[in-house]
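Start counting the sequence shown at 6; every next residue gets the next number (my numbering).
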Amino acid sequence: MLALVRSQPVPAHVAIIMDGNGRWATRKGLPRVAGHREGVKAARAIVRAADAVGLRYLTLYAFSTENWSRPEDEVTTLMRLLEESIYRELPELMERNVRLRVIGRRHGVPLPVRRGIDHVVHETRANSGLTLLMAFNYGGRDELLDAFRALARRVRAGELAPDDISETDVSGALYTDGVPDPDLLIRTSGEMRVSNFLLWQIAYTELWITPTYWPDFGPVDLYRAVAEFQRRTRRFGGV
Ligand code: FPP
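Structure (structure tokens):
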């Protein structure tokens, strides 16, 4: 295993596309939802590991706007899993000083889930350790549309001139307002795509893709990704 480099900073913000729950289950002859259950356990272990490694922000892609097109029973199970886990994890989030933020559209999220999210976001709002951003009912293009609409309203109100719109204005109109762009994007299960995730924010993000299915992704894999990140040279378009 690669060791973390003490002289190099760890990334401040790691974002993860947690993919492969379904295939993990199918490979074991189990229903897909068994994969999602294991996926929740993997997510819990990764939040602990992210905290231990000293990340400031961890963003997990838990449910995309495209995921609504899955079979109804799978969507229902995912919603129930999310609702259960969010309440169950609250004591540990408090103990670890983790703040939860949720990014995505509220509209369309079933009321009990929304209530759970609101409760945990509220309870953890003053925590000053790791910020856990959960992307839920999230789509990158929707996020950009919402930002453009918000900026257009500011222009119409005379607060902002079109030619003065800056990158800072766009960043500030995104769901991730105030959060630094991810330094590292991890994707499990080997797909080589971005899947409508944080489109604006990942402009200069380092990518790390592993064939491991999400339920098998553990702290050691996170450490390996972080250690590899530390050995890369980021040029941000320079030389
Ligand atoms: C990908 O597997 C995962 C999802 C659709 C998101 C659900 C994620 C979890 C339940 C784990 C984390 C949960 C929380 C609450 C943070 P897939 O179904 O796309 O797998 P496949 O590509 O093999 O079908």
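C-beta atoms are modelled at their ideal positions from N, C-alpha and C, and glycine is treated no differently.
Along the chain, where does the alpha helix (DSSP H) that runs through residue i open and close?
i      : result
Trp29  : 26-32
Val231 : 224-236
Ile22  : Ile22 -> not in any alpha helix (DSSP H); beta strand (DSSP E) instead, spanning 18-22.
Ile51  : 37-58
Can you list, in chain order, the residues of its chain with a C-beta nearer than 6 Å to that of residue i? Leave out the 5 residues immediately preceding and following it.
i      : result
Arg4   : Not covered by the structure: residue 4. The range shown for the chain is 6 to 244.
Arg32  : none
Phe234 : Pro16, Leu189, Glu211
Thr82  : Val38
Arg104 : Thr129, Asn132, Thr136
Starting from residue i, trace the beta strand (DSSP E) both ways and give me its first and last residue.
i      : result
Phe202 : That residue, Phe202, is in no beta strand (DSSP E); it is neither H nor E in DSSP.
Tyr62  : 62-69
Leu189 : 189-192
Glu211 : 211-214
Indicate the three-state DSSP secondary structure (helix, strand or coil) for residue i in the structure shown.
i      : result
Asn142 : strand
His112 : coil
Arg106 : strand
Ile170 : coil
Thr81  : helix
Leu86  : helix
Leu135 : coil
Leu95  : helix
Gly183 : coil
Ala208 : coil
Val1   : With the chain covering 6 to 244 only, the question about residue 1 has no answer from this structure.
Using a Cβ-Cβ cut-off of 7 Å (strictly less than) and excluding sequence neighbours within five positions of residue i, which residues of its own chain qualify?
i      : result
Met197 : Ile214
Gly44  : Met23, Asn26, Trp219, Pro220
Tyr92  : Gly121
Asp147 : Thr70, Arg110
Ile170 : Leu156
Enumerate in chain order the residues of its own chain whose CB-to-CB distance from residue i is below 8 Å, with the five nearest sequence positions on each side excluded.
i      : result
Asn102 : Asn132, Ser133, Gly134, Leu135
Looking at residue i and ligand 1, is the gap between the Cβ and the nearest heavy atom below 7 Å?
i      : result
Ser200 : no
Leu83  : yes
Ser176 : no
Asp24  : yes
Val45  : yes
Phe241 : no
Gly27  : yes
Ala50  : no
Quick check: does the Cβ of residue i come within less than 7 Å of any heavy atom belonging to ligand 2?
i      : result
Met197 : No copy of ligand 2 appears in this structure; the ligands present are ligand 1.
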